[in-house]
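As C-alpha cells, the structure follows; a few thoughts come after it.
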Amino acid sequence: RSKCSAAKRRCVESTPPFIARASTVLASTVLAGTARRVGLVCATAAITLLAYFVVSLAQVWATGRDDSFLRGNSRVAAIVVLGAAQYDGRPSPQFAARLDHALVLWQRDAAELIVVTGGKQSGDRFTEAESGREYLVARGVPASAVQVEPRGASTYESLKAVASLVGTPAGESSAGESAQPAVRVVIVSDPYHVLRARLVAEEFGLDAEVSATRTGVTRGEAALRRNVREAAGVMVGRISGFRQLEAWLQ
C-alpha cells in the first residue's frame, strides 16, 4: 500500500506477473466476445435483408405473371396505362405493348374508361399520355373513353394524379373521417413493374388490380435487371413508404 502511495508506476511494476497475465487474458476474452456478438448481429442483419430481398424478388416475378384479372370477368372504374417512351407522337414498342394490352381489356368490357399517363422530356412536342390516347383512338376507342394524365414524371407522380382524377384524395384520410369506398382500377404495365405500381396506388387509396402485358420488349437479361431493381424499390418502399422513396430519388 505504501508503495502505491509513493508512486503509481512502482505499484504497477510490483504487481505479480500472474495477475497481469490474467488481466490481459480477461481483456482479450471480453474483446473477442464483443467482436463475436457484433459479427453475429451483422451477419443476422445481412441474412435477414437478403431473405427479404429474395422474397420481394419472388413477389415481383409472381405478380408480373398473374393473369387472373385478364382471365376473369371483373369490372373496374378505369384501366390505367402507365406511360413509357414515345417518339414524336409515336409510342415506343414498350409503350405500344402496354396500350395494346389495355385495348384488349377495354374490348372485354373491363372498364368504360382508359386513363393514359406520362409526361414528356425536354424538347418533346407530345406527352406520353397524348401519344397513347392517339394510338388508342386510331384503334377504335372513342376519344371520350380516353382520359390523359400528362403531369407525372414518375410512377409515383402519375398514380397520385390518377387518384385525384378518379376521385380518390391523394393521401391518407384524417382520423375520424368517414371511410369512402376505394375506387377500383386495373393498372397496365410491364411484368416487372406492376407490383410496385400496385403498392403505390394503394398508398393513394386506390383499390388496384394489375394486369401485365405479355408482348413487352424487355426480355432476358434486361428483364432480370429490371426485376432486381424493382425488388429493391419494393423493399425500400415498404419500409420507408413510397412517398419517402420518391423524395430520395428526386
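If you read the sequence shown in my numbering, its first letter stands for residue 19, the second for the next number, and so on.
For each residue, glycine too, the CB sits at the ideal point set by N, CA and C.
Let me confirm a value: residue i is counted as buried when at least 16 other C-beta atoms fall within 10 Å, else exposed. Which label applies?
| i | result |
| --- | --- |
| Ser-191 | Annotation note: pLDDT 44 at Ser-191 (below 50); position unreliable, no value reported. |
| Thr-42 | exposed |
| Ile-257 | exposed |
| Gln-104 | buried |
| Ala-69 | exposed |
| Ala-140 | The question names Ala, but residue 140 in the sequence shown is Ser. Ser-140 is exposed by the Cβ-count criterion. |
| Thr-81 | buried |
| Ser-229 | buried |
| Gly-51 | exposed |
Have a look at residue i and residue j and give me their C-alpha separation to the nearest angstrom.
| i | j | result |
| --- | --- | --- |
| Ala-249 | Gly-107 | 32 angstroms |
| Ser-176 | Val-98 | 10 angstroms |
| Phe-144 | Pro-109 | 10 angstroms |
| Phe-222 | Ala-53 | 45 angstroms |
| Arg-232 | Leu-49 | 57 angstroms |
| Leu-154 | Leu-121 | 7 angstroms |
| Arg-157 | Asp-142 | 24 angstroms |
| Gly-137 | Val-73 | 32 angstroms |
| Asn-245 | Tyr-210 | 5 angstroms |
| Val-212 | Ser-46 | 53 angstroms |
| Ala-226 | Thr-62 | 35 angstroms |
| Gly-57 | Thr-66 | 14 angstroms |
| Ile-132 | Val-159 | 9 angstroms |
| Phe-71 | Arg-247 | 10 angstroms |
| Ala-193 | Leu-267 | Bear in mind that the predicted position of Ala-193 carries a pLDDT of just 41, short of 50, making it unreliable; the figure below should be weighed with that in mind. In a straight line, the C-alpha of Ala-193 is about 29 angstroms away from that of Leu-267. |
I'd like to know whether the C-beta of residue i is nearer than 8 angstroms to at least one C-beta of chain B.
| i | result |
| --- | --- |
| Thr-42 | Protein chains in the displayed structure number just one, and chain B is not present. |
Measuring CB to CB, does residue i end up less than 8 angstroms from residue j?
| i | j | result |
| --- | --- | --- |
| Gln-77 | Gly-234 | no |
| Val-218 | Val-201 | no |
| Glu-148 | Val-166 | yes |
| Leu-88 | Ser-207 | no |
| Glu-146 | Ala-179 | no |
| Leu-242 | Gly-255 | no |
| Gly-170 | Leu-117 | no |
| Leu-123 | Ala-181 | no |
| Ser-92 | Ala-64 | no |
From this set, the options, which residue's C-alpha is nearest residue i's C-alpha?
| i | options | result |
| --- | --- | --- |
| Ala-115 | Phe-260, Thr-236, Asp-84, Val-164 | Thr-236 |
| Ser-162 | Arg-169, Glu-130, Leu-49, Thr-47 | Glu-130 |
| Arg-126 | Val-94, Ala-63, Ala-80, Ala-226 | Val-94 |
| Val-252 | Val-59, Leu-88, Arg-214 | Arg-214 |
| Ser-172 | Asp-225, Phe-260, His-119 | Phe-260 |
| Val-203 | Glu-264, Gly-238, Glu-239, Val-134 | Val-134 |
| Ile-205 | Arg-247, Val-159, Pro-199, Ala-96 | Ala-96 |
| Tyr-174 | Cys-60, Leu-75, Ala-265 | Ala-265 |
| Asp-84 | Leu-267, Glu-220, Arg-216, Glu-239 | Arg-216 |
For this session: Quick one: which unbroken beta strand (DSSP E) runs of 3-plus residues sit fully inside the segment 66–133? Chain order, please.
Result: Every unbroken stretch of the beta strand (DSSP E) spanning 3 or more residues and falling wholly within the segment 66–133 is given here in chain order: 96–99.
For this session: Any chance you could list the beta strand (DSSP E) runs of at least 3 consecutive residues sitting entirely within the segment 134–188, in chain order?
Result: Entirely contained in the segment 134–188, the beta strand (DSSP E) runs reaching 3 residues are, in chain order, 164–167.
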